[in-house]
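Accompanying notes for the structure given below.
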Amino acid sequence: MFTTVASYLDPIEAQIARGLLVAEGIDAHVGDEHLSVANWEWRLAIGGARVRVADADAERARAILRAMDAGEYAIDDDAGPADAQLQTPDRESPSSRLAWLAFMLLSLPLPWRRRARGDTVVREA
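When we follow my numbering, the leftmost residue of the sequence shown carries the number 10, and every step to the right adds one.
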């Protein structure tokens, strides 16, 4: 049988909780998700979207969800990536601006490539 371990008014929050439980190795399901999306005004009446797990995993799932609510799984948004390879590429280049301008003015999409600074094109024969 299944036990309801959490209930969320927002079905997206229920899916996030389900994803965390699945990542921790607990088989979880979200119930009443589609009903709360289709009839959003009924969310309070039906109790929102429910996250359900097997009876044997209920206590562990509740502990994981309490840890999530306490912020143990939070990501530091201000911390930058430690590896320079993980930096986002510079999105602006003369070719991208020309392609955007051609698309806006002429409705003509032009291809362009984004290259990191200092990249050289090497073609093998």
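Backbone N, C-alpha and C fix where the C-beta goes; we use that ideal spot for every residue, glycine too.
None of the values given here were measured: they were computed from a predicted structure.
Chain-order list of residues whose beta-carbon lies under 8 Å from that of residue i (same chain, five-residue window excluded)
{"i": "residue 163", "result": "With the chain represented from 10 up to 134, any question about residue 163 goes unanswered, as that position is not in the structure."}
{"i": "residue 76", "result": "82"}
{"i": "residue 44", "result": "51 and 55"}
Cβ-Cβ distance between residue i and residue j below 7 Å
{"i": "residue 26", "j": "residue 74", "result": "yes"}
{"i": "residue 18", "j": "residue 52", "result": "yes"}
{"i": "residue 46", "j": "residue 37", "result": "no"}
{"i": "residue 10", "j": "residue 87", "result": "no"}
First and last residue of the uninterrupted beta strand (DSSP E) at residue i
{"i": "residue 63", "result": "58–63"}
{"i": "residue 16", "result": "11–17"}
{"i": "residue 40", "result": "37–40"}
N-terminal and C-terminal residue of the alpha helix (DSSP H) that residue i is part of
{"i": "residue 80", "result": "Unbroken run through residue 80: none, as it is neither H nor E."}
{"i": "residue 135", "result": "Beyond the ends of the chain as shown, which are 10 and 134, falls residue 135; an answer cannot be given."}
{"i": "residue 105", "result": "103–115"}
6 Å Cβ shell around residue i - same chain, five flanking residues per side excluded
{"i": "residue 138", "result": "Outside the displayed range of the chain (10 to 134) lies residue 138, so it cannot be described from this structure."}
{"i": "residue 33", "result": "73"}
{"i": "residue 16", "result": "56, 57 and 59"}
{"i": "residue 1", "result": "The question about residue 1 has no answer here: the residues shown for the chain are numbered 10 through 134."}
{"i": "residue 79", "result": "none"}
Residue i Cβ short of 6 Å to the ligand MN heavy atom set
{"i": "residue 18", "result": "Among the components modelled here there is no ligand, and therefore nothing to report on the ligand MN."}
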